[in-house]
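Asker: Below you will find the structure I want to go over with you.
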Amino acid sequence: MWVVRVGDQLYVRSVKGTDGPWYRGTQSRHEGVVEAGGVRKDVTFVEAGSGEYADVDAAYRAKYGHYTTIIDTVLTEQARTSTLRLDPR
2 MWVVRVGDQL
12 YVRSVKGTDG
22 PWYRGTQSRH
32 EGVVEAGGVR
42 KDVTFVEAGS
52 GEYADVDAAY
62 RAKYGHYTTI
72 IDTVLTEQAR
82 TSTLRLDPR
């Protein structure tokens, strides 16, 4: 799962879109735990609006653009529709 930051918000998306297994799991529970850099946080998964997609796309390009064989998979319309914001609980 590749996480990006836009302002003070964190986002994730599924390369398999809303059919991705981990994405489907978020839709049944709506909550999870994210751990990075030694920090562990409980989060709520919130569906992002289409108005947020362009900024999230830009964040993915900026952070992961050097992974040229992979980056395009998170920039498809299928992946965009699975964009989730991670809200701390």
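My numbering puts the first residue of the sequence shown at 2, with every later residue one more than the last. Glycine included, C-beta positions come from ideal geometry on N, C-alpha and C. Keep in mind it's a predicted model, so treat the numbers as computed, not measured.
Which runs of the beta strand (DSSP E) spanning at least 3 residues fall entirely within the stretch 16-54, listed in chain order?
Answerer: DSSP runs (the beta strand (DSSP E)) wholly in the stretch 16-54: 32-37 and 40-48.
Asker: Taking the continuous beta strand (DSSP E) assigned at Arg-81, which residues delimit it?
Answerer: Counted from its first residue, the sequence shown places residue 81 at position 80. It is not in any beta strand (DSSP E) - Arg-81 instead sits in the alpha helix (DSSP H) that spans 78-81.
Asker: In chain order, what residues of the same chain have a beta carbon less than 8 Å from the beta carbon of Thr-82, not counting five sequence neighbours either side?
Answerer: What you label residue 82 is simply residue 81 of the sequence shown in a count that begins at 1. So the qualifying residues of the chain are Gly-18 and Thr-19.
Asker: Is Ala-37 buried or exposed, if buried means 16 or more other CB atoms sit within 10 Å of its CB?
Answerer: Position 36 of the sequence shown, counted from the first residue, corresponds to residue 37. The residue is exposed, with fewer than 16 neighbouring Cβ atoms inside 10 Å.
Asker: Taking Asp-73 as part of the beta strand (DSSP E), name the residues at either end of that continuous run.
Answerer: Translated into the one-based positions of the sequence shown, residue 73 becomes position 72. Segment: none, Asp-73 is in no beta strand (DSSP E) and carries neither H nor E.
Asker: So which of Val-40, Ile-71, Ala-55 and Ala-60 has the shortest CA-CA distance to Pro-89?
Answerer: Start at 1 with the first residue of the sequence shown, and residue 89 comes out as number 88. Closest option to Pro-89, Cα to Cα, is Val-40.
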